[in-house]
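Student:
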Amino acid sequence: MNHPPEFTDLKNLTQDQLVRFVESLGQPAFRGRQLLAWIYRPGITSFEQMTDLAKKFRAVLSQTAHMSRFERAIIQTSRDGAVKFAFRLTDGQVIESVLIPEEDRNTLCVSSQAGCAMGCSFCLTGQMGFRRNLTTAEIINQVCAVRDWMLQRNMGQLSNLVFMGMGEPLANFDNLMDSISLLTEQRGLDFSSRRITVSTCGLVPQMHQLGTQTKVNLAISLHAVDDRERDQIMPINKKYPLAELIEACRQYPQKKRQRIMFEFTLLRGVNDSRETAEELARLLSGVPCKINLLAVNSGGGDAFQHPGRERMLAFQKILRDQGFTVFIRQSRGDDISAACGQLAGQEWCEDAAESLTVPEPASSDGSL
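Throughout the sequence shown, residue numbering follows this note's numbering, covering 167 to 534 in sequence.
1. Helix or strand or just coil, what does DSSP make of Arg297?
2. Buried or exposed: Gln319, going by 16 or more other Cβ atoms within 10 Å of its Cβ?
3. What does Ser387 pair with, by DSSP beta-bridge criteria?
4. Name the DSSP bridge partner or partners of Ala252?
5. Taking contact to mean 3 or more Cβ pairs, one atom from each stretch, closer than 8 Å, check whether the segment 173-184 and the segment 324-337 are in contact.
6. What's the gap between the Cα of Leu433 and the Cα of Asp270?
7. Ile210 lies in the beta strand (DSSP E); which residues open and close that run?
8. With DSSP collapsed to three states, give me the class of Cys455.
9. Nearest-angstrom Cα distance between Gly198 and Lys177?
10. Please determine, among Arg416, Glu304, Ile402 and Phe236, the residue with the shortest C-alpha to C-alpha distance to Phe287.
11. Taking its Cβ as the centre, do 16 or more other Cβ atoms sit within 10 Å of Phe196, making it buried, or is it exposed?
12. Given this structure, state the Cα-to-Cα distance separating Cys282 from Ser365, to the nearest angstrom.
13. Secondary structure at Glu172, three-state DSSP: helix, strand or coil?
14. Can you say whether Phe490 is buried or exposed, counting buried as having 16 or more other CB atoms within 10 angstroms of its CB?
15. Taking the alpha carbon of Lys422 as the reference point, which residue from Lys381, Leu411 and Ile412 has its own alpha carbon closest?
16. With a threshold of 16 other CB atoms inside 10 Å of the CB of Thr442, please say whether the residue is buried or exposed.
17. Strictly by DSSP, which residues pair up with Glu520?
18. With C-beta atoms as the reference, is Arg254 less than 9 Å away from Ser521?
19. Can you tell me which of the three DSSP states Leu369 falls into?
20. Among all the DSSP beta bridges, which residues are the ones paired with Pro267?
21. Counting only beta-carbon atoms, is Asn338 nearer than 9 Å to chain D?
22. Would you check if the segment 273-282 and the segment 291-307 touch, i.e. whether three or more CB-CB distances between them fall below 8 Å?
23. Buried or exposed, going by whether 16 or more other CB atoms sit within 10 Å of the CB of Gln193?
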């Protein structure tokens, strides 16, 4: 449903911003907090459902504001259970999110931009170029849409969120921070900070801001152990070289048991040697961290090939022998282009889009 451009999308507003908005309408501050408690409930699509708000106030809201949501999506399910959602935005851009169901958790990989300006050579999103930043509402609506889709199918609840979809999250810093505020606010989506991970290719100044302003987890897309190699596959390294990036990781404010997750994609003949593993161990020495090893996925061009299981295990063993916690992350959703580095906002097909009907609210008396 289209709304006049002067209407305020309430999903773009944090709790503090909502308070200021309702005060501008002549309402007391507590109405903003009350409103927030309604906006993110499953099934709430109109102000008329907010039964503990005065009718006059609801009428004012309907004339000045709206609550955006994704109503349709292209949905593809992988043979391994991963589910990719493609959402078309109001300006025609297409973004993608990926649900990864596991026995003990349901993780959603969230996009923060349409496209990406970082240009990493093994990533399809980087190859499509940068289109624009997502608004706070567009980030949040990915979570709301997938949550509601899961509720309709009795699939349980989303438990973890990772900002590892399309785009560089820290390059859309303000909207990222506002979305984290709403995701972790009890009246909002009520996620624990420890269940949210933000991944970056290495925007050092914003890393410091993230660490001082939030308690979410940090992941670093590393993928190389020397500047020459990293310059070639990750152009951001020319601005923030490895020494600066690793020092920022050493200084990163963390809780006592928190660890930075380093993502390292192995490329056959490029960075999968014993020497690279040994250098990685030296590079990360003393940094409280875990390491995720990944094999490059198809789509990054013929220049990069899968290293093979044996080389991955050998690489892992070298790091484990040095005392590191190292996981080999299984690629999910490769057959539907939903794996790491494959999200590229494919051409939208209107006929393939499913309606995302919203479940009925649990009650109509204002209780949660």
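Cβ coordinates follow ideal geometry from the N, Cα and C atoms, glycine included.
Tutor: Put simply:
1. As a first step, residue 297 must be located in the sequence shown, where it is residue number 131. Note: Arg297 maps to strand in three-state DSSP.
2. Taking the first residue of the sequence shown as 1, we reach residue 319 at position 153. The question names Gln, but residue 319 in the sequence shown is Arg. When all chains shown are included, Arg319 counts as exposed.
3. Here residue 387 refers to the residue found at position 221 when the sequence shown is read from its first residue. According to DSSP, which records beta bridges pairwise, Ser387 is partnered with Glu429.
4. As a first step, residue 252 must be located in the sequence shown, where it is residue number 86. Ile240 and Glu262, per the DSSP bridge assignment.
5. no
6. For the purposes of this step, residue 433 is taken as residue 267 along the sequence shown, with counting starting at 1. For the purposes of this step, residue 270 is taken as residue 104 along the sequence shown, with counting starting at 1. Cα-Cα distance, rounded: 30 Å.
7. By 1-based counting over the sequence shown, the position of residue 210 is 44. Ile210 -> no beta strand (DSSP E), and no H or E assigned at all.
8. Along the sequence shown, one-based indexing puts residue 455 at 289. Strand.
9. Numbered from its first residue, the sequence shown carries residue 198 at position 32. Numbered from its first residue, the sequence shown carries residue 177 at position 11. Using only the alpha carbons, I get a separation of about 12 Å.
10. As a first step, residue 287 must be located in the sequence shown, where it is residue number 121. Residue identity differs from the one stated: residue 287 is Ser in this sequence, not Phe. For the residues Arg416, Glu304, Ile402 and Phe236, the minimum Cα distance to Ser287 belongs to Ile402.
11. Here residue 196 refers to the residue found at position 30 of the sequence shown. Phe196 should be labelled exposed.
12. In the sequence shown, the residue the question calls residue 282 occupies position 116. In the sequence shown, the residue the question calls residue 365 occupies position 199. So the two alpha carbons sit approximately 13 Å from each other.
13. Here the question's residue 172 lines up with position 6 in the sequence shown. Of the three classes helix, strand and coil, the one that applies to Glu172 here is coil, per DSSP.
14. Within the sequence shown, numbered from 1, the residue matching residue 490 stands at position 324. Classification for Phe490: buried.
15. Within the sequence shown, the letter at position 256 stands for residue 422. Lys422 has its Cα closest to that of Lys381, out of Lys381, Leu411 and Ile412.
16. Numbered from 1 along the sequence shown, position 276 holds the residue referred to as residue 442. When all chains shown are included, Thr442 counts as buried.
17. One-based indexing of the sequence shown puts residue 520 at position 354. The partner list for Glu520 (beta bridge, DSSP) reads Ala239.
18. Indexing the sequence shown from 1 puts residue 254 at position 88. Indexing the sequence shown from 1 puts residue 521 at position 355. Contact flag unset, no.
19. Locating residue 369 in the sequence shown gives position 203, counting from the first residue. Three-state DSSP puts Leu369 in coil, outside helix and strand.
20. Locating residue 267 in the sequence shown gives position 101, counting from the first residue. By DSSP's assignment, Pro267 forms a beta bridge with Asn272.
21. Of the chains in the structure shown, none is chain D; there is only one protein chain.
22. yes
23. Stepping through the sequence shown from its first residue, residue 193 is reached at position 27. When all chains shown are included, Gln193 counts as buried.
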